[in-house]
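If you read the sequences in order, they're chains P, Z, B and C.
The numbering used here applies: residue 2 is where the first sequence begins, and numbers increase by one.
The numbering used here applies: residue 2 is where the second sequence begins, and numbers increase by one.
The numbering used here applies: residue 2 is where the third sequence begins, and numbers increase by one.
The numbering used here applies: residue 2 is where the fourth sequence begins, and numbers increase by one.
4 protein chains.
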Amino acid sequence: MADQVARKATATDRPVPDRLLAVATRLFAARGFERTSVQEIVDAAGVTKGAMYHYFDSKDDLLHEIYRRLLSMQTKALERIADGPGTAVDRLREAAADVVVSTLAHLDDAVVLMNSLHLLAPHTRARVRAERRRYHERFRALVDEGRHEGSVRSDVSADLATHHFFGAVHHLGSWYRAEGSLRPREVGEGLAEMFLTGIARTEKGAQPDAGKKSPAGAAGTFGNSGTSPEPA
Amino acid sequence: MADQVARKATATDRPVPDRLLAVATRLFAARGFERTSVQEIVDAAGVTKGAMYHYFDSKDDLLHEIYRRLLSMQTKALERIADGPGTAVDRLREAAADVVVSTLAHLDDAVVLMNSLHLLAPHTRARVRAERRRYHERFRALVDEGRHEGSVRSDVSADLATHHFFGAVHHLGSWYRAEGSLRPREVGEGLAEMFLTGIARTEKGAQPDAGKKSPAGAAGTFGNSGTSPEPA
Amino acid sequence: MADQVARKATATDRPVPDRLLAVATRLFAARGFERTSVQEIVDAAGVTKGAMYHYFDSKDDLLHEIYRRLLSMQTKALERIADGPGTAVDRLREAAADVVVSTLAHLDDAVVLMNSLHLLAPHTRARVRAERRRYHERFRALVDEGRHEGSVRSDVSADLATHHFFGAVHHLGSWYRAEGSLRPREVGEGLAEMFLTGIARTEKGAQPDAGKKSPAGAAGTFGNSGTSPEPA
Amino acid sequence: MADQVARKATATDRPVPDRLLAVATRLFAARGFERTSVQEIVDAAGVTKGAMYHYFDSKDDLLHEIYRRLLSMQTKALERIADGPGTAVDRLREAAADVVVSTLAHLDDAVVLMNSLHLLAPHTRARVRAERRRYHERFRALVDEGRHEGSVRSDVSADLATHHFFGAVHHLGSWYRAEGSLRPREVGEGLAEMFLTGIARTEKGAQPDAGKKSPAGAAGTFGNSGTSPEPA
DNA sequence: TATGAATGAGTATTCATTCAT
DNA sequence: GATGAATGAATACTCATTCAT
């Protein structure tokens with residue numbers, strides 16, 4: 002019975018703005034932002050256009066709000082972990098696995114973010130990018146910490162490593178299916194494991210694996226200088 | 002003088018379809034597919050709408066052609082490398098670095114592919130996805146080869162590893178700037194190095210590094226069962 | 002003063018959908034459906050395109066609505082008469098004259114129906130045809146009734162007779178001019194008279210007029226088997 | 002073998018203009034004039050646009066030529082019969098049956114004429130109408146002859162009677178199916194029989210059937226004054 | 001708060017026709 | 001005679017947003 006109430010609540014009792022955001026997220030993820038009309042959103046949410054414009058300034062605003070929620074949630078989670086106890090590498094592993102799990106838990110939001118960020122009005126887009134950059138930089142700082150600890154290799158740019166990992170995260174929406182055989186936690190731990198192994202300092206001093214036939218050869222080849230994150 | 006000729010050629014002598022594709026790629030990358038009007042494309046290419054529709058069936062067709070060219074080029078390159086000589090790991094490293102370099106060499110195309118694939122008409126989208134899947138599968142087969150060779154760890158799904166790497170590749174358009182300090186080759190080798198180290202079997206037999214505090218623990222935790230590649 | 006009000010009402014006070022239908026009927030009749038642009042319709046109705054698409058799904062929908070109104074009116078009239086009192090022949094005569102008069106009273110609609118039915122989208126066209134078939138069949142049933150009464154000849158297919166008469170009705174738009182000397186009632190009674198005389202059983206038993214030099218000769222020659230009405 | 006040649010001739014050996022006309026007729030009948038593009042016509046005829054514009058001035062010209070052929074053929078046939086031997090009523094019956102049979106033999110042309118006449122450019126349309134009017138008038142003259150002979154009733158306008166019959170003829174394309182059970186000759190004789198019976202002077206002097214309850218009553222009620230034929 | 005009719009600027013696409021070859 | 005690339009004007013339709021109620 003509690004379930005029934007809960008289900009009903011989802012349909013009509015939740016506050017109108019929440020219903021609009023939930024519906025918009027679903028539709029934007031499924032059809033893309035530009036292919037989804039305001040009319041479709043309000044129809045699906047069971048309200049009228051006027052109501053939507055009462056709560057949101059524009060269609061863009063809806064999109065922006067979706068981003069804001071997702072990014073603020075993930076930023077908070079990252080900060081909690083990054084500022085917590087443990088070695089840098091342990092915190093890095095936890096943060097990496099966590100962002101994967103939380104992205105998969107909000108996959109629609111993530112898909113929308115990936116597909117439609119470039120459609121936002123310049124001003125709004127700049128604000129989202131700034132938030133994303135903060136996220137990127139906090140994560141990269143962890144990588145740097147690991148380097149100073151001596152547990153992270155120093156021949157690969159921390160920026161590049163961060164991009165490497167977030168590439169995998171952003172890509173999740175392109176292939177992950179909830180119906181598939183992989184559980185979110187497995188994906189998170191698998192990606193974190195590959196990532197951390199990939200950037201770990203190996204036991205032998207030489208980096209990267211001296212003696213192995215590597216096309217790159219010398220340390221530092223892989224670009225340590227900064228790259229501005231998330232420019233597009 | 003040769004330059005002048007070349008410049009002129011770019012402007013008007015190249016075949017109309019080529020000019021249209023070049024211009025469309027640039028505009029789609031800069032503003033997004035839906036925000037770019039056919040009128041803008043033909044104006045920029047110096048032709049009329051009728052001419053465009055003489056060569057292309059639709060705006061979608063233009064997009065599809067951009068994809069087709071990029072994917073076919075990358076597929077060919079992958080096959081050349083994958084079917085070439087060397088250990089699986091060597092070929093994997095070369096293929097990984099190569100796809101990064103070639104993606105950076107055609108970054109506009111790659112950005113368009115990343116941002117706009119979901120906008121294609123279903124039928125066309127299915128064809129692009131099929132091509133992408135072939136690519137994914139050839140790459141994954143290399144990872145599997147490495148596993149049989151004993152040089153690639155077996156506790157992480159080959160599919161997941163492939164997604165891990167292609168996440169980084171698809172993400173390039175979001176952060177790489179030609180004006181930045183990283184050369185395409187450095188990026189390619191850096192990403193390949195991290196990726197390969199991340200999936201390498203470590204010297205000690207145990208996988209994953211038994212004795213290390215790993216959140217996952219047991220082998221096989223990271224999902225060896227297949228995931229359907231590139232579903233969205 | 003009442004006149005002024007009335008005129009003004011015609012121009013702007015009547016509901017927008019009514020104004021659009023009236024204007025569209027006039028223009029479709031005068032220039033044909035395909036030669037009339039949506040822009041012309043909305044300009045003539047004094048509204049914007051958006052308003053039109055608020056009330057009608059498409060230009061086709063406008064056409065369909067014109068048909069629907071005309072056919073539903075005529076079907077109702079036919080049913081009232083056909084189900085009323087009197088011999089079959091009397092009801093047939095009344096129905097025949099009535100459909101002519103009512104067609105002439107809405108000649109624009111009839112012209113549109115005649116000229117543009119084949120342009121409707123298949124689905125919509127099928128619905129209009131179905132309505133028209135109902136009409137045809139109710140009328141034919143009256144002819145059959147007359148045959149059973151013994152007042153209608155049995156050597157001519159009831160279907161063919163019905164087509165014969167409705168040919169004349171559909172043709173009205175091709176020649177009738179309100180400014181001409183024939184009043185609608187005269188036309189209706191003239192056509193009904195010819196039609197009924199044409200299908201009447203003659204006093205002498207033999208059918209068709211035995212002894213007269215008829216190219217057909219035997220009874221039943223003129224096709225009594227069913228023809229599917231209104232297929233195109 | 003001769004057959005094979007003949008078939009091949011139909012496909013490619015017949016003169017280009019003939020092939021174009023045949024194909025255009027088929028397509029115009031099936032889809033309507035405006036819905037058929039010049040490209041479709043030339044593709045179906047196996048020639049190029051340039052070839053079509055070599056033989057015909059415009060798309061309208063194609064339509065006009067289709068009309069011209071049909072009308073000239075029917076006019077010739079009418080004149081041959083009307084100017085031949087026999088009573089007026091006999092010639093009327095033969096002409097009526099003949100025009101039905103010949104219309105059914107060229108049903109596509111007739112459908113095009115019916116559906117698309119109103120789309121012709123004014124000048125061309127005027128010429129077609131003039132031809133049609135000649136046809137109408139020759140036929141009506143036959144009716145008048147019958148009246149002078151005393152075999153045709155005089156209480157119905159000869160014009161109205163002519164329109165009555167040609168309504169049935171023009172309507173053929175809306176319902177006749179070659180696959181149905183009625184042969185063209187049966188249709189022609191059936192329609193001619195109904196028409197002639199409908200306009201025949203009855204044996205008893207009184208017109209129309211005195212003593213019968215007729216809504217019209219007196220002779221002459223049904224409009225003997227001229228109507229301009231084919232105004233639309 | 002909320003409605004829904006109305007706006008108006010925008011979109012992709014079609015197509016008869018021309019013309020250099 | 002015949003080609004087919006190119007034109008350019010026209011078309012139906014969409015949609016975020018506003019505003020009187």
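For each residue, glycine too, the CB sits at the ideal point set by N, CA and C.
The structure presented is a predicted model; accordingly, all values stated were derived computationally and were not measured.
For L63 of chain B against L108 of chain B, the beta-carbon gap comes to about 18 Å, at or over 8 Å, which does not count as contact. In the DSSP assignment, R81 of chain P falls within the alpha helix (DSSP H) that extends over K60 to A83.
Under the three-state reduction of DSSP output, A201 of chain P falls in the strand class. With respect to chain P, the C-beta atom of A162 of chain Z has a partner C-beta closer than 8 Å. Taking 8 Å as the cut-off, the beta carbon of F29 of chain C is found no closer than this to the beta carbon of L79 of chain C. Here the segment 190 to 200 of chain P does not lie against the segment 118 to 128 of chain P, with fewer than 3 beta-carbon pairs under 8 Å apart.
Separation of T198 of chain B and M195 of chain C (C-alpha to C-alpha, rounded to the nearest whole angstrom) is 8 Å.
About 23 Å separates the CB atoms of L118 of chain P and P185 of chain P; that is not less than 8 Å, and the two are not in contact. Here H55 of chain P is exposed: its Cβ has fewer than 16 other Cβ atoms, across all protein chains shown, within 10 Å. For the 8 Å CB-CB criterion, D19 of chain C and I67 of chain C do not form a contact. When the five nearest sequence neighbours on each side are left out, the beta carbons in the same chain lying within less than 7 Å of the beta carbon of L114 of chain B are those of Y68 and L71, in order along the chain. A contact is defined here as three or more CB-CB pairs under 8 Å, and the segment 41 to 53 of chain C fails this definition with respect to the segment 128 to 146 of chain B. Any Cβ of chain Z closer than 8 Å to the Cβ of G191 of chain P would place that residue at the interface, and such an atom is present. Chain-ordered listing is empty here: chain B has no CB closer than 8 Å to the CB of I42 of chain C, the nearest sitting near 17 Å.
With 16 or more other CB atoms across the displayed protein chains lying within 10 angstroms of its CB, R92 of chain Z is buried.
Interface annotation, E194 of chain C: in contact with chain B, CB-CB separation under 8 Å. The Cβ neighbour count for S59 of chain B, taken over all protein chains shown within 10 Å, is under 16; the residue is labelled exposed.
Under the 8 Å criterion on CB atoms, V100 of chain P is classed as non-interfacial with respect to chain Z. Residue contact check for S158 of chain Z against chain P: a CB pair falls below 8 Å. Within the model, the alpha-carbon separation for E146 of chain C versus T163 of chain C is close to 13 Å.
Taking a Cβ-Cβ cut-off of 7 Å, the neighbours of H119 of chain Z in chain P comprise G33 and N116, given in sequence order. Around T198 of chain C, the beta-carbon contacts reaching into chain B at under 7 Å are T198 and G199. In this structure, DSSP gives T49 of chain C a state outside helix and strand, which the three-state scheme calls coil.
Between A201 of chain Z and S152 of chain Z, the C-beta gap is smaller than 8 Å, which places the two residues in contact. Interface with chain P (8 Å Cβ-Cβ cutoff): V144 of chain Z is excluded.
In terms of CA proximity to D160 of chain P, Z:Y177 leads the group Z:S73, Z:Y177, Z:T203 and Z:Q40. Closest option to D99 of chain C, judged by alpha-carbon separation, among C:Q75, C:H137, C:V17 and C:R154: C:Q75. Put simply, the CB of F29 of chain Z is far from chain P, with every gap to its CB atoms at 8 Å or more. For A30 of chain B, the uninterrupted alpha helix (DSSP H) segment begins and ends at V17 to R32.
Taking C-beta separations shorter than 7 Å and ignoring five residues to either side along the sequence, the partners of V17 of chain P in its chain run V48, A52 and Y56, following chain order. If you ignore the 5 residues before and after E150 of chain B, its C-beta comes within less than 8 Å of the C-beta of T88, A89 and V90, all in its own chain and listed in chain order. If you draw a straight line from the Cα of S73 of chain Z to the Cα of H65 of chain Z, it is about 12 Å long.
A straight line joining the alpha-carbon of G85 of chain Z with that of V129 of chain Z spans about 26 Å. Close to R36 of chain P, with beta-carbon spacing below 8 Å, are these residues of chain Z in chain order: E35 and L120. Comparing C-alpha distances from D61 of chain C to each of C:S38, C:R148, C:A169 and C:A31 shows the shortest one belongs to C:S38. The three-state secondary structure of P86 of chain P, taken from DSSP, is coil.
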